[in-house]
Amino acid sequence: MIPQLQQINWFAFFNLVLPWIVVFAAAVITFLTAALTEEDDSLFIPLLSLAAVVVAFGISWQRWLSPPETPVFGMLIFDRLAFFVWLIVLAAAAVSILLSIPYLAARGFSKPEYYGLLLLSTLGMGCLVSAGDLLMIYLGIETMSLAVYVLAGFLRFRAASNEAALKYFLIGAFASAFLLMGIAFIFGSAGTTNLSLLAERSVDVLNSEGRSFYLFGMAMLLIGFGFKVAAVPFHAWAPDVYDGAPTPVTVFMATAVKAAAFIAFLRLATTTFRASGDLWIQIITAISIVTMFAGNLAAIVQENIKRMLAYSSIAHAGYILVAFPAIVNDPAGAGRAILFYLFAYVLMTAGAFAIVVAMGLGEHEHTDINHLAGLGKRRPLLAAALSLFLLSLLGIPPTVGFFGKYYLFLTAVKSGFIWLVVIAVINSALSAYFYLRPIVVMYFRPAEEHLPAEPLNPAVVAVLAITSLGVTYFGIFPSNLLAIVARSF
Amino acid sequence: MDWIYSHLLTSIIFLPLVGMVITLAIPSRFEKQIRVVSLVVSSAVLLLVAKLWMQFQATGEFEFMEVVPWIPSVQIFYRVGIDGVALLLIALTAFLTPIAILASWREIDRNVKAFHALMLLLETGMLGVFAAVDIFLFYVFWEIVLIPMYFLIGVWGSKDRIRAALKFFIFTMAGSVLMLAAILYGSNAVGGSFDLVTWYAHKFGLMEQLALFGAFAIAFAIKVPMVPFHTWLPDAHTEAPTAGSVILAGVLLKMGTYGFYRFAMPLFPLAVVKFAPLILTLSVIGIVYGGLVAMVQPDVKRLVAYSSVSHLGFVMLGLFSLQPEAVQGAVLQMVNHGLSTGALFLMVGMLYDRRHTRMIADYGGVARTLPVLAAAFILITFSSIGLPGLNNFVGEFLILLGSFQTRTAYAAVSISGVFISAIYMLWAVQRVFFGEITNEENQKLPDLRVREYWVLAPIIIFIFAIGVWPKPWITTIERSTNAFLALSKRIEMVVPAPAPAPVTLNEVKSPVD
Chain A
10 MIPQLQQINW FAFFNLVLPW IVVFAAAVIT FLTAALTEED DSLFIPLLSL AAVVVAFGIS
70 WQRWLSPPET PVFGMLIFDR LAFFVWLIVL AAAAVSILLS IPYLAARGFS KPEYYGLLLL
130 STLGMGCLVS AGDLLMIYLG IETMSLAVYV LAGFLRFRAA SNEAALKYFL IGAFASAFLL
190 MGIAFIFGSA GTTNLSLLAE RSVDVLNSEG RSFYLFGMAM LLIGFGFKVA AVPFHAWAPD
250 VYDGAPTPVT VFMATAVKAA AFIAFLRLAT TTFRASGDLW IQIITAISIV TMFAGNLAAI
310 VQENIKRMLA YSSIAHAGYI LVAFPAIVND PAGAGRAILF YLFAYVLMTA GAFAIVVAMG
370 LGEHEHTDIN HLAGLGKRRP LLAAALSLFL LSLLGIPPTV GFFGKYYLFL TAVKSGFIWL
430 VVIAVINSAL SAYFYLRPIV VMYFRPAEEH LPAEPLNPAV VAVLAITSLG VTYFGIFPSN
490 LLAIVARSF
Chain B
62 MDWIYSHLLT SIIFLPLVGM VITLAIPSRF EKQIRVVSLV VSSAVLLLVA KLWMQFQATG
122 EFEFMEVVPW IPSVQIFYRV GIDGVALLLI ALTAFLTPIA ILASWREIDR NVKAFHALML
182 LLETGMLGVF AAVDIFLFYV FWEIVLIPMY FLIGVWGSKD RIRAALKFFI FTMAGSVLML
242 AAILYGSNAV GGSFDLVTWY AHKFGLMEQL ALFGAFAIAF AIKVPMVPFH TWLPDAHTEA
302 PTAGSVILAG VLLKMGTYGF YRFAMPLFPL AVVKFAPLIL TLSVIGIVYG GLVAMVQPDV
362 KRLVAYSSVS HLGFVMLGLF SLQPEAVQGA VLQMVNHGLS TGALFLMVGM LYDRRHTRMI
422 ADYGGVARTL PVLAAAFILI TFSSIGLPGL NNFVGEFLIL LGSFQTRTAY AAVSISGVFI
482 SAIYMLWAVQ RVFFGEITNE ENQKLPDLRV REYWVLAPII IFIFAIGVWP KPWITTIERS
542 TNAFLALSKR IEMVVPAPAP APVTLNEVKS PVD
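Respectively, the protein sequence lines represent chains A and B.
Okay, so the first sequence: first residue is 10 according to the numbering used here, each after it adds one.
Okay, so the second sequence: first residue is 62 according to the numbering used here, each after it adds one.
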């Protein structure tokens, strides 16, 4: 039942979307400042953006604690799930802003509009996480992506950055077309774009003559989301874009964009796709398997740590997809496992990329894995932190990555997808090879040249402290996080 | 203090971790202090283990049980407890760690802080593996062990260390992820619990048993290592620093055999019956093959490494003979191998420290310059080849005595392993220590230092103690191994399997009894 507009309590609505408004207001101020001032490298704009994100985080946390009794407002749903993922997205945005400050300063390109775009993209994700309608999902994805296209090419003096932006834009626009096409077909066959109505009607539609149109629409949506979460065979853009984009933007894409897209996908899966049962399970299983293998095998041969992490993030999308088939039998369990994993994934990926940023603050950007040589001696804490994140990505206890993986696979096993889990664990073993390589280089090999140890930037230190604490704390004591996740889904 | 005594097992497991934190807090330029702190902490662990031993009742049940909810929403508990076998292996771990730290006093001269922190982390992991009664907890400790050992080999190892470390990691990881899949499936089958006792009580179907046993067995067989999964071992042992080799051979390999003892065999008795011929064959192949390959090694450290393959084959033979004496012998042999091979690696390290070579051909006649070291080496060699009156004799004798009753053919072939071990060890001793001094550099070598006496003396004492009077050791484990046998020989729980031919009682019973 969709409440009609006149029934909506507007005060309650604005109260709910306050965090969204804060982010939006900060974005507007940022753009205005960019237009009005010449001064580029003031800390005012980044700190303002950061403050807006932190305030939005605080308010959203309050909203998570006491969610509204009627969470549905037209096309938007303000349930705990939305707030939880929104919190993850905000945290990832904060990390990106923090990392951007030293990164852009080192390149002498601290433009205010950068932060405005980042905030706008965050706002788009805000729409995406609480989307209760296919059109809202589309709107959210577009708002999010458009800003990120520009961000990917923000370092316009670098050819790689331009290439990344162009590639991302072309492929992203292509994917959006698929999404829109899918939405049109689903609307045509089911007569609605509202997710909860679709959930009610899908069984009937699948038994009617509209079946093939509905399935076609679903396939189009799947392709669109496949592009957005970089699942094989729609992943080819990811390594180039992750590599070419400014590293803080890569962090943003690998964490926030992925989390938001996955949550919209999850909402879609729990409502629209669930009804089609076996067919959907087979397709998702196949995508999951090829995504894991392609990500892990390709990561093995990478020499560049950004590309390696890009392939690793493809592989992790594959791991997350392992829990998706379980949605048919056990939506709550699967949803929780996916949420937990997304949280874990964002934490460890942000940490790993933060170190890439820290490595790239000097005169050269060191993204070749061999440049890490001797880091264990030169920067013991940085090397230890990178090892921690890599081991967490690999899934070694007691890190949050291990428990997240464990929980995902447990859900799949509970629903009977044992072979899928066996393939997934074999992939885990495969991934040991490339996750260990940076560790080998950092600790086991002597440094080829003697690089001076530059002092660590406080912003990077803050990000590393938070992420490494999170990775270990939630790895050893996942109970609290599990409780939060269980209340969110 | 009261808390420590009332939570003795937990204190033992986590005291090294506390030591690690203290070590990390000391600035790295205070190398001496770091060494002393880690030695003191690991010795304190040994004292606590002594207290544990004193209070141990040898009932055959899990004692010193501590159960604390860890992740209650998914039924994961911190659940530790020990039976006699776990106690023995915990004692071995606590005994070898301070010795390994003491042995590294001179050898480890860079990254001293990291080395000792990792050694202490490793000790916590190993103690946890032997004390865990919750399968999830066991897996966590099992994986924790991997990381410090990987670093120990990779950072402080010799020339080919990177390849050896990677090989060690990938092999172990490949096995343990399959075990993780099996744990997930098993816990789902028993209703979400990870309690080992609940698992023991659950009746798994035949196909389930075969698949789960297979997954567990591969993980453990890689660790033991059994032929054909042994190829990581010679590299890892040879490239690791002395302390790493001692712990690898002394304790880590026992994690594999302990895994069979605690999990794979008692949980899946039907699969044990089905797989026994295969595993026994592989064990016997390991005994003979390990010995033959050891014989032709030009590198004395590699020789000792291959001898482990052979010795661990005996342990597996004992376990899968499913006969009381053989199992007791196997458990005792786990400890014996830890002592003897640990000591051999220590002495190879001492030789290397003096001559900076591990090639047998570079030595010759060093008994003249190093009489005490030579005497100790010969004594340990006698222990290793099973001379009566020394520890290995007791273990091997019990294993052969037991396995001859149930597995005569396998036992008969494996006897050749005893001869082969005598050949390769004595031949190596002869080439290293006796004959004329052909190499000028062997003319002037300093004999054992005071510290090295302290390293070797405790091990030698126990080698004699077990060899001369094995009774108390057997008594400690007897009831536990009986409980193990009772579980591993359960065959009444045959559930009619859905597809394959049903296993009848007679068919199953005949090879066992």
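Every residue, glycine too, gets a C-beta built ideally from N, C-alpha and C.
Look at the Cβ atom of residue 313(B), then the Cβ atom of residue 279(B), and state whether they are nearer than 7 Å.
For the purposes of this step, residue 313(B) is taken as residue 252 along the second sequence, with counting starting at 1. For the purposes of this step, residue 279(B) is taken as residue 218 along the second sequence, with counting starting at 1. No. Outside cutoff.
Using only the heavy atoms of the ligand GDP, determine whether one of them is closer than 6 Å to the beta carbon of residue 86(A).
With respect to the ligand GDP, the structure shown offers nothing to examine, as it has no ligands at all.
Which same chain residues end up closer than 6 Å to residue 331(B) when comparing Cβ atoms and leaving out the 5 residues on each side of it in sequence?
Numbered from 1 along the second sequence, position 270 holds the residue referred to as residue 331(B). Closer than 6 Å at Cβ, skipping near neighbours: 267 and 270.
Have a look at residue 362(B) and residue 400(B) and give me their C-alpha separation to the nearest angstrom.
Here the question's residue 362(B) lines up with position 301 in the second sequence. Here the question's residue 400(B) lines up with position 339 in the second sequence. Those two C-alpha atoms are separated by around 16 Å.
Go through its chain and collect everything with a Cβ distance to residue 466(B)'s Cβ below 7 Å, but skip five positions before and after it.
Position 405 of the second sequence, counted from the start, is the residue given in the question as residue 466(B). Excluding residues within five positions, the ones whose Cβ falls inside 7 Å are 384.
How far does the beta strand (DSSP E) with residue 139(B) in it reach, from first residue to last?
On the second sequence, residue 139(B) is found 78 positions in, with the first residue counted as 1. Looking at the DSSP string, the run of the beta strand (DSSP E) that includes residue 139(B) is 137-143.
Start-end ranges of the beta strand (DSSP E) lying completely within the segment 81-119 of chain A, minimum 3 residues:
For the segment 81-119 of chain A, not a single whole beta strand (DSSP E) run of length 3 or above is found.
Roughly how many angstroms lie between the CA atoms of residue 157(B) and residue 521(B), to the nearest whole one?
Walking along the second sequence from the start, residue 157(B) turns up at place 96. Walking along the second sequence from the start, residue 521(B) turns up at place 460. Taking C-alpha positions only, residue 157(B) is separated from residue 521(B) by approximately 12 Å.
Using beta-carbon positions only, say whether residue 110(B) and residue 73(B) come within less than 7 Å of one another.
Position 49 of the second sequence, counting from 1, holds the residue named residue 110(B). Position 12 of the second sequence, counting from 1, holds the residue named residue 73(B). Yes; because the gap between Cβ atoms is below 7 Å, this pair is in contact.
At least 3 beta-carbon pairs within less than 8 Å: the segment 335-352 of chain B vs the segment 369-376 of chain B
yes
Just checking, does the segment 335-346 of chain A make contact with the segment 307-315 of chain A on the three C-beta pairs under 8 Å criterion?
no
Rounded to a whole number of angstroms, what is the C-alpha to C-alpha distance between residue 407(A) and residue 423(B)?
Position 398 of the first sequence, counted from the first residue, corresponds to residue 407(A). Position 362 of the second sequence, counted from the first residue, corresponds to residue 423(B). If I take the Cα positions, the gap works out to 45 Å.
So, is the C-beta of residue 356(A) closer than 7 Å to a C-beta in chain B?
Within the first sequence, numbered from 1, the residue matching residue 356(A) stands at position 347. Not one chain B Cβ lies under 7 Å of residue 356(A).
Rounded to whole angstroms, what is the Cα-Cα separation between residue 212(A) and residue 220(A)?
Here the question's residue 212(A) lines up with position 203 in the first sequence. Here the question's residue 220(A) lines up with position 211 in the first sequence. For residue 212(A) and residue 220(A), the distance between alpha carbons rounds to 9 Å.
7 Å Cβ cutoff met for residue 59(A) and residue 30(A)
On the first sequence, residue 59(A) is found 50 positions in, with the first residue counted as 1. On the first sequence, residue 30(A) is found 21 positions in, with the first residue counted as 1. Contact flag unset, no.
Alpha carbon to alpha carbon, what distance is there between residue 258(A) and residue 196(A)?
Translated into the one-based positions of the first sequence, residue 196(A) becomes position 187. Translated into the one-based positions of the first sequence, residue 258(A) becomes position 249. Taking the CA atoms as reference points, residue 196(A) sits about 35 Å from residue 258(A).
Could you please give me the residues that DSSP links to residue 129(B) through a beta bridge?
Here the question's residue 129(B) lines up with position 68 in the second sequence. BP columns for residue 129(B) point to 139(B).
Beta-carbon proximity list for residue 364(B), same chain, < 7 Å, skipping 5 on both sides:
Taking the first residue of the second sequence as position 1, residue 364(B) is located at position 303. These residues qualify, in order along the chain: 355, 358, 485 and 489.
Please confirm if the segment 527-546 of chain B is in contact with the segment 446-463 of chain B, defined as three or more CB-CB distances below 8 Å between the two stretches.
yes
Secondary structure, alpha helix (DSSP H): runs of 4+ residues fully inside the segment 310-367 of chain B
314-320 and 330-356
Measuring straight from C-alpha to C-alpha, what distance separates residue 272(A) and residue 137(A)?
Position 263 of the first sequence holds residue 272(A). Position 128 of the first sequence holds residue 137(A). Within the model, the alpha-carbon separation for residue 272(A) versus residue 137(A) is close to 8 Å.
If the cut-off is 7 Å on Cβ atoms, which residues from the segment 428-443 of chain A count as contacting chain B, listed in chain order?
430, 431, 434, 435, 437, 438, 441 and 442
Distance CB(residue 1(A))-CB(residue 327(A)) smaller than 7 Å:
Here chain A comprises residues numbered 10 to 498, so residue 1(A) is not present and cannot be evaluated.
Could you tell me the alpha carbon to alpha carbon distance between residue 443(B) and residue 118(B), rounded to whole angstroms?
Position 382 of the second sequence holds residue 443(B). Position 57 of the second sequence holds residue 118(B). Taking the straight line from one Cα to the other gives about 33 Å.
List the residues of chain A that residue 249(B) touches, going by C-beta distances under 7 Å, in chain order.
The residue given as residue 249(B) occupies position 188 in the second sequence. Correct list: 422 and 423.
In chain order, what residues of the same chain have a beta carbon less than 7 Å from the beta carbon of residue 225(A), not counting five sequence neighbours either side?
The count along the first sequence starts at 1 and reaches residue 225(A) at position 216. 194.
Helix, strand or coil at residue 452(B) [DSSP, three-state]:
The residue given as residue 452(B) occupies position 391 in the second sequence. Note: residue 452(B) maps to helix in three-state DSSP.
What are the residues that DSSP puts in a beta bridge with residue 124(B)?
As a first step, residue 124(B) is located in the second sequence; it is residue number 63 there, counting from the start. Residue pairing by DSSP places residue 124(B) opposite 143(B) in a beta bridge.
Checking contacts by CB at 7 Å: is residue 215(B) closer than that to chain A?
The residue you call residue 215(B) lines up with position 154 of the second sequence. It does: the Cβ of residue 215(B) has a partner Cβ on chain A nearer than 7 Å.
Hey, would you say residue 225(B) sits closer than 7 Å to residue 208(B), going by beta carbons?
For this step, residue 225(B) is matched to residue 164 along the second sequence. For this step, residue 208(B) is matched to residue 147 along the second sequence. No, Cβ-Cβ distance for residue 225(B) and residue 208(B) is not below 7 Å.
Which of the three DSSP states, helix, strand or coil, is assigned to residue 170(B)?
As a working note, residue 170(B) is residue 109 in the second sequence. Here residue 170(B) sits in coil by DSSP.
Determine the contact status of residue 513(B) and residue 463(B), defining contact as a CB-CB distance below 7 Å.
Locating residue 513(B) in the second sequence gives position 452, counting from the first residue. Locating residue 463(B) in the second sequence gives position 402, counting from the first residue. Their beta carbons are not under 7 Å apart, which means residue 513(B) does not touch residue 463(B) by this criterion.
Is the separation between the beta-carbon of residue 28(A) and that of residue 68(A) shorter than 7 Å?
In the first sequence, residue 28(A) corresponds to position 19, counting from 1. In the first sequence, residue 68(A) corresponds to position 59, counting from 1. A contact, by the Cβ cut-off of 7 Å.
Can you tell me the Cα-Cα spacing of residue 313(A) and residue 454(A), whole angstroms?
As a first step, residue 313(A) must be located in the first sequence, where it is residue number 304. As a first step, residue 454(A) must be located in the first sequence, where it is residue number 445. Each residue's Cα considered, the two are about 17 Å apart.
Nearest chain D C-beta to residue 246(B) closer than 7 Å, yes or no?
Checking the listed chains, one finds no chain D in this structure; the protein chains it contains are A and B.
Report yes if the C-beta distance between residue 444(A) and residue 391(A) is below 7 Å; otherwise report no.
Residue 444(A) sits at position 435 when you count from the first residue of the first sequence. Residue 391(A) sits at position 382 when you count from the first residue of the first sequence. Not closer than 7 Å, so no.
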